[in-house]
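Heads up, the thing below is written out as C-alpha cells.
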Amino acid sequence: MAEIIVVNVVASASIGKELMLQDIAFQLEGAEYDQDRFPGLIYKLAEPKTAVLIFRSGKVVCTGARSIPDVHVAINKVVDELRVLDMPVKDEPDIVIQNIVATTNLESTLNLIQIAMSLGFENVEYEPEAFPGLVYRMDDPKVVLLLFGSGKMVCVGAREVNDIKNAVRNIKEELTTAGLMRT
24 MAEIIVVNVV
34 ASASIGKELM
44 LQDIAFQLEG
54 AEYDQDRFPG
64 LIYKLAEPKT
74 AVLIFRSGKV
84 VCTGARSIPD
94 VHVAINKVVD
104 ELRVLDMPVK
114 DEPDIVIQNI
124 VATTNLESTL
134 NLIQIAMSLG
144 FENVEYEPEA
154 FPGLVYRMDD
164 PKVVLLLFGS
174 GKMVCVGARE
184 VNDIKNAVRN
194 IKEELTTAGL
204 MRT
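Here the sequence shown stands for residues 24 to 206, numbered as in this note's numbering.
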C-alpha cells in the first residue's frame with residue numbers, strides 16, 4: 024500500500040468550567056489573546072508542534088498535530104499548565120478527534136475527467152477552471168478525497184487512521200476495476 028502521511032489532526036476537548044482567558048493570557052507565557060479579533064486564546068506548543076485554542080467555556084481545539092498521540096500530549100500539556108495556574112480544569116479531558124487530514128500518492132497518473140464520469144456526478148465535483156483537483160465524497164468510509172492528475176491524493180474528514188487506509192484501498196479498487204488506474 025502507498026505510504027499514507029498524516030499532515031494534520033484536529034481534536035476538541037472539554038477541559039473544565041468557565042475559564043478567565045484574560046487571566047490565562049497574562050500568566051501563560053506565549054499565549055495570544057485579543058478578544059476583538061478572535062473569541063479564544065491561542066497557545067502554540069513547540070513539542071508537539073501544535074496550536075491549542077482555548078475558549079472561555081472550557082472547550083479547547085487542538086490543531087496541527089501529526090498523530091493522535093500528539094493530540095493527547097498537547098492537550099494534556101495545556102491542562103497541566105492551566106492546573107499550575109490554579110485554573111479549574113478536569114483531571115482527564117474528554118478528547119474527541121474531529122478531523123484527520125492525510126496525503127498519499129496513488130503512483131499512477133489519473134484522468135480526472137474519466138474518473139468524474141465513472142464515479143458518478145452526485146458524489147463528485149470537478150471544475151478544473153476553479154480547482155485542479157477532483158473532489159470525491161466517498162460514502163464508505165465517510166471522507167472527502169481530493170484527487171489530482173499526478174496521482175497525488177488528499178483525504179479529509181476521517182476520524183480514525185483506519186478510515187484513511189480504507190479510503191485509499193477503496194479508491195484504488197474502484198479506479199482499477201473501472202480501468203482508470205494501473206496498479
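Backbone N, C-alpha and C fix where the C-beta goes; we use that ideal spot for every residue, glycine too.
Find the nearest neighbour of residue i within the set the options, judged by alpha-carbon distance.
i: L170; options: V83, E148, R60 and K100; result: E148
i: D59; options: L68, Y66, Q45 and F49; result: Q45
i: V94; options: I136, N31 and V158; result: N31
i: V102; options: L51, R192 and E150; result: L51
i: R160; options: M204, G143 and V83; result: G143
What residue range does the alpha helix (DSSP H) around residue i cover?
i: P92; result: I91 to V107
i: I138; result: L135 to L142
i: K195; result: V184 to T200
Considering just the uninterrupted stretch of the beta strand (DSSP E) at residue i, what are its terminal residues?
i: A160; result: Before going further, note that residue 160 is Arg rather than Ala in the sequence given. Its beta strand (DSSP E) spans residues L157 to M161.
i: D117; result: V112 to N128
i: L170; result: V166 to L170
i: A48; result: Not the beta strand (DSSP E): A48 falls in the alpha helix (DSSP H), residues L44 to Q50.
i: K175; result: K175 to A181
i: N31; result: I28 to G39
Could you round the C-beta distance between residue i and residue j to whole angstroms and report it? I think they count as a contact, below 8 Å.
i: G180; j: N122; result: 6 Å
i: E41; j: G81; result: 6 Å
i: K188; j: I27; result: 7 Å
Cβ atoms of residue j and residue i: under 8 Å apart, would you say?
i: L108; j: I65; result: no
i: L135; j: L157; result: yes
i: G39; j: M110; result: yes
i: A74; j: G87; result: yes
i: A190; j: L168; result: yes
i: V177; j: T132; result: no
i: D117; j: A36; result: yes
i: K100; j: L68; result: yes
i: I91; j: I138; result: no
i: F49; j: G63; result: no
Going residue by residue through the region 63-87, where are the continuous alpha helix (DSSP H) segments of at least 4 residues, counting only ones entirely within it?
none
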